[in-house]
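Residue numbers (UniProt numbering): 1 to 149. Notes follow the structure.
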């Protein structure tokens with residue numbers, strides 16, 4: 001009887017909508033490149049808060065110090081990527097970036113209305129500098145993508 005109660009409890013918890021777990025569909029390297037607006041090698045150096053004029057909400061933005069631009073039409077030394085809204089709790093789809101993370105960033109525009117804010121909504125959009133094989137593969141695909149567009 002006790003085992004049945006435990007099993008039922010686990011099933012109820014698993015099916016409960018309040019227990020949501022993040023899941024991302026794994027994208028192919030080609031899909032990652034196709035969806036990206038900007039590709040840079042850089043380091044995540046911290047966060048800042050920004051207020052949007054439209055909504056008046058505070059955004060939490062990560063700051064990337066750019067070492068090298070691989071693709072895109074921006075050439076700033078620093079980029080801002082939206083991480084979330086101030087006051088929002090962490091949810092299962094929140095991607096946690098850490099100060100000092102270095103690597104290849106494949107970014108999208110956060111909003112067509114704001115060309116200086118970017119986002120990374122998929123964990124695969126960041127490849128750590130220690131994963132040289134994946135970085136080299138993505139760099140080669142970026143070159144091919146530029147040649148065909």
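Here a beta-carbon is modelled for each residue, glycine too, at the ideal position from N, C-alpha and C. Because the structure is a prediction, the values reported are computed rather than measured.
- The three-state secondary structure of residue 146, taken from DSSP, is helix.
- Closest by C-alpha distance to residue 104, out of 83, 85, 140 and 115, is 140.
- Bridge partners of residue 103 according to DSSP: 42 and 128.
- According to DSSP, residue pairing for residue 110 in a beta bridge does not occur.
- Within its own chain, the residues whose Cβ lies closer than 6 Å to the Cβ of residue 125, once the five positions on either side in sequence are excluded, are 106, listed in chain order.
- Here residue 52 carries a coil assignment [DSSP, helix/strand/coil].
- Selection 114, 34 and 43 evaluated against residue 52 yields 114 as nearest (Cα-Cα).
- One thing to note: residue 71 has its Cβ no nearer than 9 Å to the Cβ of residue 50.
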